[in-house]
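A.B. asks:
As structure tokens, then:
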């Protein structure tokens, strides 16, 4: 019983009981199950149907078990999918209320309609708010509610944006300034009139451009790149500033390399450090906010790699659990050893470096390595982006390609390594 309980604490879903050799449907029958024989649907359609069935079954199991796996889950369907999300650093705590108001930066990815940079507000219950499993809304998949389940997430500001918003990030020194990345080579920042203004235009995708947005525009409102770095031999997928050294930043690319750059160097064609980081394209990187030497990278090879700047020739550790390409990796702003990653497999994994190397039983090892703390399985489509809340430990917002945004917090007994109060027999689909 305890082993089953542990399985659910990791938010892992049991395999679905789909037939390995489904019967061949006769003509005129429902063609959900099909093959390559004449009169059947294409194999691709069949595979898609099976995958959709698996996804739906996994989601049903996840939703019914959320009261035991989470202290908070809020699901919101956006009008358009957002490819980006980031918590703003401010928080408002209304007097006499049992919640605090946090804000999010989102974007839209429409078809041919007007796109927007979006600011949303989220009401998150205070630590002393009274709620229990009876507050779970099975229809909306929400748990941790307080009062009405409606009105927790609201769109406050919509700013017209030229093209889809691929990425939006606020300036750490001034959160009122937000930069966005478009499908073109432009990066935009909002002017005082709240109309987004172009600050650069560089089309060489193997390069990294450094801009000074306080610089004087040469023409109109367009600012040219201050410095162009040219070390990668394939498309650059991500760049990130070192959080403790203002002159250092890292980059990763489809050439499978991780490069570390120093803006003080006069040689913009040669990085300070370069390493073959993965066996496939490298999609993302993140510097640890507490340690000046530690960073992580995520790759199309389905792994997250841990690195030490003092010796990049040696990979410290490889995190393995994802079933597909990894596109996001972020360290927790509250805990030096906590890291999260997400990608195409619809899962957001939370890792704990302090558990690397811990002994496991053979049964526990089947669920994943000891450092795999939690798997968020609430999304049914590729996760586009996620963000750790800077004010509420363990609260994460994640967005997926099917318009869904989720604000969630795993159960305290999971990250505190305690046994849950709920007997395993009460967990949906896992009782004996």
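In the UniProt record's numbering, the protein residues as written are 1 to 432. We put the CB at the ideal spot given by N, CA and C, even for glycine.
1. List the residues that DSSP assigns as beta-bridge partners of residue 305.
2. Below 7 Å CB to CB, which residues in the same chain sit around residue 255 once its five sequence neighbours on both sides are set aside?
3. Residue range of the beta strand (DSSP E) that residue 180 falls in?
4. Quick one: what does DSSP say residue 156 is sitting in, helix, strand or coil?
5. Might you give, ordered along the chain, the residues of its own chain that have their beta carbon closer than 7 Å to the beta carbon of residue 290, omitting 5 neighbours on each side?
6. For the alpha helix (DSSP H) that residue 67 lies in, which residues bound it at each end?
7. Enumerate in chain order the residues of its own chain whose CB-to-CB distance from residue 415 is below 7 Å, with the five nearest sequence positions on each side excluded.
8. Alpha carbons only, please: which of 69, 119, 62, 71 is nearest the one belonging to residue 89?
9. What are the boundary residues of the alpha helix (DSSP H) that includes residue 415?
10. Could you tell me which residues DSSP pairs with residue 72 in its beta bridges?
11. Give every residue of the same chain whose Cβ lies closer than 6 Å to the Cβ of residue 182, excluding the five residues on either side of it in the sequence, and list them in chain order.
12. Can you find the residues in the same chain that come closer than 6 Å, C-beta to C-beta, to residue 280, ignoring five residues on each side of it along the sequence?
13. Could you pull out every residue in the same chain whose Cβ sits closer than 7 Å to the Cβ of residue 443, ignoring the five residues on either side in sequence?
14. Take residue 307 as the anchor and find which of 285, 327, 325 has the nearest alpha-carbon.
15. The beta strand (DSSP E) with residue 352 in it runs from where to where?
16. Whole angstroms are fine: how far does the CA of residue 363 sit from the CA of residue 56?
17. How close, in whole Å, do the beta carbons of residue 282 and residue 297 come, if the pair is a contact with beta carbons under 8 Å?
18. Taking the beta carbon of residue 417 as the centre, do at least 16 other beta carbons fall within 10 Å, making it buried, or is it exposed?
19. Pull up the distance between the alpha-carbon of residue 389 and that of residue 224, whole angstroms please.
20. Between the alpha carbons of residue 167 and residue 245, how many angstroms are there, rounded?
21. Strictly by DSSP, which residues pair up with residue 329?
22. With distances taken from CA atoms, which of 110, 287, 64, 370 is nearest residue 330?
23. Does the separation of the CB atoms of residue 411 and residue 47 fall below 8 Å?
24. Looking at the unbroken alpha helix (DSSP H) that takes in residue 365, where does it start and where does it end?
25. Drop a sphere of 10 angstroms on the beta-carbon of residue 314, count the other beta-carbons inside from all chains shown, and report buried for 16 or more, exposed for fewer.
26. Would DSSP call residue 6 helix, strand or coil?
27. Please say whether residue 409 and residue 378 have beta carbons closer to each other than 8 Å?
28. If residue 73 and residue 104 are in contact, beta carbons under 8 Å, what's the gap, nearest whole angstrom?
29. According to DSSP, residue 230 sits in a beta bridge with which residue or residues?
30. For residue 355 and residue 50, what's the separation of their Cα atoms in angstroms?
31. Look up residue 20 in the DSSP assignment and say whether it is helix, strand or coil.
32. Please list, in chain order, all residues of the same chain as residue 368 whose beta carbon is under 6 Å from its beta carbon, the five residues on each side excluded.
33. In the DSSP assignment, the beta strand (DSSP E) including residue 101 goes from what residue to what residue?
34. Report the rounded CA-to-CA distance for residue 213 versus residue 179, giving the unit in angstroms.
35. Could you spell out where the beta strand (DSSP E) holding residue 238 opens and where it closes?
36. What are the partner residues of residue 250, as DSSP defines its beta bridges?
C.D. replies: According to the structure shown:
1. 297, 318
2. 232, 233, 234
3. 174–181
4. strand
5. 336
6. 43–69
7. 373, 394
8. 119
9. 412–415
10. 409
11. 163
12. 299, 300, 301
13. Here the chain has residues from 1 to 432 only, and residue 443 is not among them.
14. 285
15. 348–352
16. 26 Å
17. 5 Å
18. exposed
19. 33 Å
20. 23 Å
21. 341
22. 287
23. no
24. 362–367
25. exposed
26. Its pLDDT being 37, under 50, residue 6 is placed unreliably by the model, and the measurement read from it follows with that caveat. If DSSP states are grouped into helix, strand and coil, residue 6 belongs with the helices.
27. no
28. Residue 73 to residue 104, Cβ: 16 Å. No contact.
29. Bridge partners of residue 230: none, in fact.
30. 36 Å
31. Reliability of the predicted coordinates at residue 20 is poor, the pLDDT of 37 falling under 50, and no value is obtained from them.
32. 321
33. 99–107
34. 10 Å
35. 236–241
36. 240, 260
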